[in-house]
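Enquirer: To start, I am sharing the structure in question, which I have written as structure tokens.
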Amino acid sequence: MTDIHINIRRKLYPTATTPSISNFKLSLQSNEFICLVGPSGCGKTTLLNIISGLDEDYDGDILVGEQHTHPKIGYIFQNPRLLPWRTVRENIELALDAAVDAAVIDELLELMQLTQAQHSYPERLSLGMSRRVAIIRAFAIDPEVLLMDEPFVSLDAPTARQVRELLLKLWQQRPHTVLFVTHDLREAIALADRLIFLSASPMQVVSEITVPIARDQRDNEAAIEAFRQQLLQHHPEIKQLL
Amino acid sequence: MLYLNKYLPTLSALAFLALWQGLAAYLNSNTLPMPEVVAKVFWQACVSGQLPYHLGVTLLRLVVSFAIAMLLGCAIGIVLGRNKKLDAFFDNWLVMFLNIPALVTIILCYVWFGLIESAAILAVVINKLPNVIVTIREGTRTLDQDLLEMARCYRFGKRKTLLHVIWPQLHPFVMGATRSGLALIWKIILVVELLGRSNGMGYQLHLFFQLFDVASILAYTIAFVGVIQLIELLVLKPLDKKALRWRR
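And the structure:
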């Protein structure tokens, strides 16, 4: 895996007068889990769309290693965006090249506890289950970057927690570079190696903080809460971004 | 109540026959023969091979012109629905072709290309095509952009996107175009045959009209309506069921 460098000099929507992103720089190290935290509407989704190649109307560069190219992306959207007329398994298979081994899908389904549901249609799944299918689809293609845009925002707290823990388990078994957007600071601390706090438009990096909590302590709510308090105390500037 | 619901279709058919019988008995005229007379004529026409032959010829024309109109219509409809510039350019053409009377295209095709089979098919296709294009274009405009973005992100490519993302969303529109298309096309085909062919249902009906043979006209009509019902029951309904199996 290679590092990825994002440099967006300017992103201006055709109808807007001020740019939504300007002078934004971010480097992703290989297999690093980064959480982007910022107020809603600050341009996080725009950033993910630029990185994924969905939005090509911007001034800047995306470098994978030394090369100017769009990295191979696994995108987990706010809504799972599964094809309702294809089964769980077909939804995953469609994202893959024909060459990928069926055993890989079996293994991922097993890990995300979806083996039983693999031949169901998405409309028959619960919200949490369809999120897990979206996660499998993104991991299955073995992407260079995994983009996640507030994927758990519409889930109730216990389900969100369960899916988050499954995500971390999967990520630890199959490390990938992750860019995870959220405005929930606790969620960000539970997941990230590094937190990036963003300001409202034009979006810029306000501060970068490494999360020191050990990986095996990430389900310890007290530790996460303690770090959150400490963070808010030492970095008062981030309070207004939440 | 449930018991009654099951027999309602049969009951309504019987009621229709009774009404027909009563009216025919009351009028006692050649212009409205009794159901049993029509049944007899129907049977004779079947045995003599006349009805199957002419029905077959018309059905063949129907299948060919329908297939051409649907294939072309779907392709053009998807392109126009996805491309605003082309759509703006061709919109006037569409409105114009939608509003040309069927009879005009039929006469013009025969005048320009002669009284030949391909002119007949072309006339039917020209009449049906704009309807298909408009229906599929509207369907394409309502495509789920989120799913299309997903397909782009996961590098589905053109073929996969069309087959697995676009086509299932267009299914209700295609079925709508199919049903209204079958109904429209066979009515136009009869006129085409009446004006310029020497076989088919339209040609036969024209003949019966000149002979004032209402029983034969009704027998041929019933045969055709029956065939269309069979197509609905044996082809369209199962297709619907298969395509919509994912719905709750």
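Sequences listed follow chains R and Z, in order.
Letter 185 of the first sequence, counting from 1, is numbered 639 in the working numbering, and no numbers are missing.
Letter 209 of the second sequence, counting from 1, is numbered 220 in the working numbering, and no numbers are missing.
Glycine is no exception: its CB is placed at the ideal position from the N, C-alpha and C atoms.
According to DSSP, simplified to helix, strand and coil, what is residue 662(R)?
Expert: Counted from its first residue, the first sequence places residue 662(R) at position 208. Residue 662(R) falls in the strand class under three-state DSSP.
Enquirer: Taking DSSP's pairing of strands, which residues face residue 488(R) in a bridge?
Expert: Looking up residue 488(R) in the first sequence gives position 34. Residue 488(R) pairs with 633(R) and 648(R).
Enquirer: So residue 464(R) is in the beta strand (DSSP E); what residue range does that whole segment cover?
Expert: Along the first sequence, read from residue 1 onward, the residue named residue 464(R) stands at position 10. Its beta strand (DSSP E) spans residues 458-465.
Enquirer: Give a yes or no on whether the C-beta atoms belonging to residue 96(Z) and residue 548(R) are separated by under 8 Å.
Expert: Taking the second sequence and counting its residues from 1, one reaches residue 96(Z) at position 85. Taking the first sequence and counting its residues from 1, one reaches residue 548(R) at position 94. Their beta carbons are not under 8 Å apart, which means residue 96(Z) does not touch residue 548(R) by this criterion.
Enquirer: Between the C-alpha atoms of residue 673(R) and residue 682(R), what's the straight-line distance to the nearest angstrom?
Expert: As a first step, residue 673(R) is located in the first sequence; it is residue number 219 there, counting from the start. As a first step, residue 682(R) is located in the first sequence; it is residue number 228 there, counting from the start. When rounded, the distance between both Cα atoms is 14 Å.
Enquirer: Taking only beta carbons into account, state which residues of the region 159-178 of chain Z come closer than 9 Å to chain R, listed in chain order.
Expert: 160, 161, 162, 163, 164, 165, 166, 167, 171, 175 and 176
Enquirer: Between which two residues does the beta strand (DSSP E) holding residue 515(R) run?
Expert: By one-based count along the first sequence, residue 515(R) stands at place 61. Residues 513-518.
Enquirer: Distance check for residue 248(Z) and residue 621(R), CA to CA, integer angstroms please.
Expert: Residue mapping note: residue 621(R) aligns to position 167 of the first sequence, counting from 1. Residue mapping note: residue 248(Z) aligns to position 237 of the second sequence, counting from 1. One C-alpha to the other measures close to 43 Å.
Enquirer: Residue 463(R) and residue 514(R) look like a contact to me (Cβ under 8 Å); what is the Cβ gap, rounded to whole Å?
Expert: Taking the first sequence and counting its residues from 1, the one referred to as residue 463(R) is at position 9. Taking the first sequence and counting its residues from 1, the one referred to as residue 514(R) is at position 60. Correct: roughly 5 Å between the Cβ atoms.
Enquirer: Note down the Cα distance separating residue 99(Z) from residue 80(Z), rounded to an integer number of angstroms.
Expert: In the second sequence, counting from the first residue as 1, residue 99(Z) sits at position 88. In the second sequence, counting from the first residue as 1, residue 80(Z) sits at position 69. Using only the alpha carbons, I get a separation of about 22 Å.
Enquirer: Please list the partners that residue 538(R) has in chain Z, where partner means a Cβ-to-Cβ separation under 7 Å.
Expert: Here residue 538(R) refers to the residue found at position 84 when the first sequence is read from its first residue. Residues of chain Z passing the Cβ test: 257.
Enquirer: Strictly below 9 Å CB to CB, what residues from chain Z border residue 531(R)?
Expert: As a position in the first sequence, residue 531(R) is number 77, starting the count at 1. Correct list: 157, 160, 161 and 164.
Enquirer: Any beta carbon of chain Z sitting closer than 8 Å to that of residue 546(R)?
Expert: Position 92 of the first sequence, counting from 1, holds the residue named residue 546(R). False, the Cβ-Cβ gap to chain Z never drops below 8 Å.
Enquirer: Using a Cβ-Cβ distance under 8 Å, would residue 571(R) count as near chain Z?
Expert: The count along the first sequence starts at 1 and reaches residue 571(R) at position 117. Cβ-Cβ to chain Z under 8 Å: no for residue 571(R).
Enquirer: If you follow the beta strand (DSSP E) that residue 66(Z) is in, where does it begin and where does it stop?
Expert: Position 55 of the second sequence, counting from 1, holds the residue named residue 66(Z). It is not in any beta strand (DSSP E) - residue 66(Z) instead sits in the alpha helix (DSSP H) that spans 61-93.
Enquirer: Could you tell me the alpha carbon to alpha carbon distance between residue 451(R) and residue 686(R), rounded to whole angstroms?
Expert: Given a span of 455 to 696 for chain R in the structure shown, any question on residue 451(R) remains unanswerable.
Enquirer: In the DSSP assignment, what are the bridge partners of residue 124(Z)?
Expert: In the second sequence, counting from the first residue as 1, residue 124(Z) sits at position 113. Partner(s): none; residue 124(Z) has no beta bridge.
Enquirer: Using a Cβ-Cβ cutoff of less than 6 Å, which residues in the same chain neighbour residue 108(Z) once the five nearest sequence positions on both sides are dropped?
Expert: One-based indexing of the second sequence puts residue 108(Z) at position 97. Excluding positions up to five away in sequence, the list reads 141.
Enquirer: Could you tell me which residues DSSP puts in a beta bridge with residue 481(R)?
Expert: Working through the first sequence from its first residue, we reach residue 481(R) at position 27. Looking at the DSSP output, residue 481(R) bridges to 459(R).
Enquirer: Can you check which of these residues, 152(Z), 218(Z) and 255(Z), is closest to residue 89(Z) by C-alpha distance?
Expert: Residue 89(Z) sits at position 78 when you count from the first residue of the second sequence. Sorting 152(Z), 218(Z) and 255(Z) by C-alpha distance to the C-alpha of residue 89(Z) places 152(Z) at the top.
Enquirer: Give me the residue from 42(Z), 128(Z), 102(Z) and 70(Z) with the minimum Cα distance to residue 197(Z).
Expert: Stepping through the second sequence from its first residue, residue 197(Z) is reached at position 186. Comparing Cα positions, the closest option is 70(Z).
Enquirer: Could you check whether residue 184(Z) and residue 232(Z) sit closer than 8 Å to each other, using their CB atoms as the reference points?
Expert: Taking the first residue of the second sequence as 1, we reach residue 232(Z) at position 221. Taking the first residue of the second sequence as 1, we reach residue 184(Z) at position 173. No, they are not a contact pair.
Enquirer: Mapping DSSP to helix, strand and coil, what is residue 529(R)?
Expert: Numbered from its first residue, the first sequence carries residue 529(R) at position 75. If DSSP states are grouped into helix, strand and coil, residue 529(R) belongs with the strands.
Enquirer: Nearest-angstrom Cα distance between residue 631(R) and residue 488(R)?
Expert: On the first sequence, residue 631(R) is found 177 positions in, with the first residue counted as 1. On the first sequence, residue 488(R) is found 34 positions in, with the first residue counted as 1. Taking the straight line joining both Cα atoms gives about 8 Å.
Enquirer: Short of 6 Å in beta carbon distance, which residues of its chain neighbour residue 72(Z), apart from the five on each side in sequence? Order them along the chain.
Expert: Taking the second sequence and counting its residues from 1, one reaches residue 72(Z) at position 61. So the qualifying residues of the chain are 200.
Enquirer: What residues in the region 492-520 of chain R have a beta carbon less than 9 Å from any beta carbon of chain Z?
Expert: 503, 506, 507 and 508
Enquirer: With distance defined between alpha-carbon atoms, name the residue in 692(R), 466(R) and 534(R) nearest to residue 545(R).
Expert: By 1-based counting over the first sequence, the position of residue 545(R) is 91. The candidate whose alpha carbon is nearest that of residue 545(R) is 534(R).
Enquirer: Beta carbon of residue 465(R), beta carbon of residue 458(R): below 8 Å?
Expert: Residue 465(R) sits at position 11 when you count from the first residue of the first sequence. Residue 458(R) sits at position 4 when you count from the first residue of the first sequence. No; because the gap between Cβ atoms is not below 8 Å, this pair is not in contact.
Enquirer: Which same chain residues end up closer than 6 Å to residue 479(R) when comparing Cβ atoms and leaving out the 5 residues on each side of it in sequence?
Expert: The residue given as residue 479(R) occupies position 25 in the first sequence. Closer than 6 Å at the Cβ level, and outside the excluded window around residue 479(R), lie 461.
Enquirer: Quick one: which chain Z residues come within Cβ less than 7 Å of residue 549(R)?
Expert: Translated into the one-based positions of the first sequence, residue 549(R) becomes position 95. The answer, in chain order, is 165.
Enquirer: Going along the region 673-696 of chain R in order, which residues come within less than 8 Å of chain Z, judged by CB to CB distance?
Expert: none
Enquirer: For residue 598(R), would you say it is in contact with chain Z, using Cβ-to-Cβ distances shorter than 8 Å as the test?
Expert: Numbered from its first residue, the first sequence carries residue 598(R) at position 144. Answer no: the Cβ-Cβ gap between residue 598(R) and chain Z never drops below 8 Å.
Enquirer: Distance cutoff 8 Å, beta carbons only. Does residue 595(R) sit that close to anything in chain Z?
Expert: For the purposes of this step, residue 595(R) is identified with residue 141 of the first sequence, where counting begins at 1. By this cut-off, residue 595(R) is an interface position.
Enquirer: Short of 7 Å in beta carbon distance, which residues of its chain neighbour residue 208(Z), apart from the five on each side in sequence? Order them along the chain.
Expert: The sequence position of residue 208(Z) within the second sequence is 197, counting from 1. Closer than 7 Å at Cβ, skipping near neighbours: 131 and 214.
Enquirer: Mind listing which residues of the region 572-590 of chain R have their C-beta closer than 7 Å to chain Z's C-betas, in chain order?
Expert: Residues passing the 7 Å Cβ filter: 575, 577 and 578.
Enquirer: Interface residues of chain Z around residue 535(R) at Cβ under 7 Å?
Expert: Your numbering for residue 535(R) matches position 81 in the first sequence. For residue 535(R), the chain Z residues whose Cβ falls inside 7 Å of its Cβ are 157, 158 and 161, in order along the chain.
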